[in-house]
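Worksheet: the structure to be examined is printed underneath.
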Amino acid sequence: MKIDISFKDPSKDYFVYIDELKELEFDSSVAIVTNQRVGGLWLKDILPKIKSKNLHIISIPDGEEYKSFETLNYILEQLFIAKLDRKSTLISFGGGVVSDLTGFAASIYQRGISFINIPTTLLAQVDASVGGKTGINTKFGKNLIGSFYQPKAVYCESKYLQTLPNREFSAGVAEAIKMAIMFDRNFFQYFANHNLHKKEELAFVIKKCVELKADIVSKDEKESGIRSVLNYGHTFAHVIENETKYLKFLHGEAVSIGMNMANLLALKLGYLKEEEYKRIKDILIKFNLPVYYKIKDKELFYESFFLDKKSSNSKVKFILPNSIGNFIIKDDIDRDMVISVLSEFA
Ligand code: NAD
Ligand code: GLY
Numbered sequence: 001m002k003i004d005i006s007f008k009d010p011s012k013d014y015f016v017y018i019d020e021l022k023e024l025e026f027d028s029s030v031a032i033v034t035n036q037r038v039g040g041l042w043l044k045d046i047l048p049k050i051k052s053k054n055l056h057i058i059s060i061p062d063g064e065e066y067k068s069f070e071t072l073n074y075i076l077e078q079l080f081i082a083k084l085d086r087k088s089t090l091i092s093f094g095g096g097v098v099s100d101l102t103g104f105a106a107s108i109y110q111r112g113i114s115f116i117n118i119p120t121t122l123l124a125q126v127d128a129s130v131g132g133k134t135g136i137n138t139k140f141g142k143n144l145i146g147s148f149y150q151p152k153a154v155y156c157e158s159k160y161l162q163t164l165p166n167r168e169f170s171a172g173v174a175e176a177i178k179m180a181i182m183f184d185r186n187f188f189q190y191f192a193n194h195n196l197h198k199k200e201e202l203a204f205v206i207k208k209c210v211e212l213k214a215d216i217v218s219k220d221e222k223e224s225g226i227r228s229v230l231n232y233g234h235t236f237a238h239v240i241e242n243e244t245k246y247l248k249f250l251h252g253e254a255v256s257i258g259m260n261m262a263n264l265l266a267l268k269l270g271y272l273k274e275e276e277y278k279r280i281k282d283i284l285i286k287f288n289l290p291v292y293y294k295i296k297d298k299e300l301f302y303e304s305f306f307l308d309k310k311s312s313n314s315k316v317k318f319i320l321p322n323s324i325g326n327f328i329i330k331d332d333i334d335r336d337m338v339i340s341v342l343s344e345f346a
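Quick note on numbering: full-length UniProt numbering labels position 202 of the sequence shown as 202, and the sequence is numbered without any gaps.
Okay, here's the thing in structure tokens:
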């Protein structure tokens, strides 16, 4: 199956293919960017499918800490050494770290060359590989340097998820559940009725998430409005990730806790019913996701919201569920109300 992503500028349009990757043929040079882990597991599967007379492999170390200037520079240098030109294509083959780096490298190499995403984590298939956010981390924060640069195509192959560690799988489920809570009540119910063990269940979840994300990014490519809804749970998650120095939780796990915190706020404000709050929490737990984090200093936690790049004019923007399947964006929530939510985690 394939899902169309369209933009105001039709030259940016592309398809996301799910379980459709057979052969990719190129007239020009191609470089596959992957990491040591994914390359070791799956390069033997992908290489015969890429038909180019000039094919290069760029392997980077595995880990979020390598989503850096140094690795970006390494990729760019390899592209020059391999003599890629403006007609060449980069292929990202890995999780969100590889796709964010590769997309960014593609966006600046010789002022921009084509790139294709072949995501190999669930998180990258349901979220990171689609929508054109690319970038790297710096000591000042995550993803603070980057570009909006759309791929030419995305190929999500559910078979690559066979080797994904369970925790990484659950982290991807968190981002999928996020989409369901924000936009689609029936889709949310799907997580209650299925375990996502079967290939067709996974393909369905990937398809639903890509469709939902396609709709959002085609309306708001550069996050001037509705795209910010995809950051539900993230305001809390970023503080948790910072406090734990990115060591304790995977991003999707922090988002799961963050969603539970946002849901408690929504419950207190009357946007979510008690029964809905519990249903969401139960689904997150069912997929082995954490929902609790012990806050040491709630005042400090609150102050940290203002460091988030999504906060502006000293107002914290909260994305909350307005029942399951709808959202509300609030930037005028009383400090005491937020602190009372944080107190329940202290
Ligand atoms: P990741 O890329 O670090 O991958 C997680 C781990 O799984 C890594 O160790 C990786 O080597 C391994 N792995 C990948 N595929 C595998 C496979 N098939 N089998 C076995 N192991 C495999 O993490 P991620 O969760 O995919 O992505 C997180 C990154 O994505 C973060 O940097 C985040 O900022 C970014 N992100 C970007 C967007 C976006 O819109 N651009 C959205 C969400 C997240
Ligand atoms: N992952 C959030 C976004 O793509 O906007």
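For every residue, glycine included, the Cβ atom is placed at its ideal position computed from N, Cα and C.
Note that this is a predicted model, so its numbers are computed, not measured.
Can you tell me whether residue i is buried or exposed, with buried defined as 16 or more other CB within 10 angstroms of its CB?
i, result
"residue 237", "buried"
"residue 69", "exposed"
"residue 188", "buried"
"residue 244", "exposed"
"residue 261", "buried"
"residue 247", "exposed"
"residue 346", "exposed"
"residue 157", "buried"
"residue 256", "buried"
"residue 195", "exposed"
"residue 343", "exposed"
"residue 138", "exposed"
"residue 299", "exposed"
"residue 80", "exposed"
"residue 197", "exposed"
"residue 59", "buried"
Under the criterion of a Cβ to heavy atom distance below 7 Å, does residue i qualify as lining the ligand GLY?
i, result
"residue 253", "no"
"residue 233", "no"
"residue 221", "no"
"residue 133", "yes"
"residue 351", "The first residue shown for the chain is 1 and the last is 346, placing residue 351 beyond what the model contains."
"residue 185", "no"
"residue 335", "no"
Give a single yes or no on whether residue i has its beta carbon closer than 7 Å to a heavy atom of the ligand NAD.
i, result
"residue 288", "no"
"residue 297", "no"
"residue 160", "yes"
"residue 95", "yes"
"residue 105", "no"
"residue 120", "yes"
"residue 275", "no"
"residue 211", "no"
"residue 307", "no"
"residue 143", "yes"
Under the three-state reduction of DSSP, which class applies to residue i: helix, strand or coil?
i, result
"residue 35", "strand"
"residue 56", "strand"
"residue 257", "helix"
"residue 72", "helix"
"residue 14", "strand"
"residue 25", "strand"
"residue 4", "strand"
"residue 131", "coil"
"residue 375", "Nothing can be reported for residue 375: it is not among the residues displayed for the chain, which extend from 1 to 346."
"residue 102", "helix"
"residue 244", "coil"
"residue 114", "strand"
"residue 89", "strand"
"residue 94", "strand"
Quick one, which of the options has its alpha-carbon nearest residue i's?
i, options, result
"residue 96", "303, 327, 125", "125"
"residue 327", "181, 146, 85, 169", "181"
"residue 140", "307, 319, 14, 152", "307"
"residue 154", "207, 167, 278", "207"
"residue 218", "1, 2, 8, 3", "8"
"residue 136", "281, 230, 73, 150", "73"
"residue 288", "59, 166, 150", "166"
"residue 226", "11, 277, 183, 12", "183"
"residue 336", "268, 280, 273, 274", "268"
"residue 11", "91, 85, 149", "149"
With hydrogens ignored, establish whether the beta-carbon of residue i is closer than 7 Å to any heavy atom of the ligand ZN.
i, result
"residue 230", "Among the ligands present in this structure, namely the ligand NAD and the ligand GLY, the ligand ZN is not found."
### Query
Per the contact definition of three or more C-beta pairs closer than 8 Å, is the region 7-25 in contact with the region 60-69?
no
### Task
Assess, as a yes-or-no matter, whether the region 164-184 is touched by the region 202-222 under the definition of 3 or more beta carbon pairs within less than 8 Å.
yes
### Query
Is the region 37-46 in contact with the region 165-177, if contact means three or more CB pairs nearer than 8 Å?
no
### Query
Is the region 193-206 touching the region 155-166, taking contact as three or more C-beta pairs under 8 Å?
yes
### Touch test, the region 281-293 against the region 117-131, Cβ-Cβ under 8 Å, three pairs minimum
no
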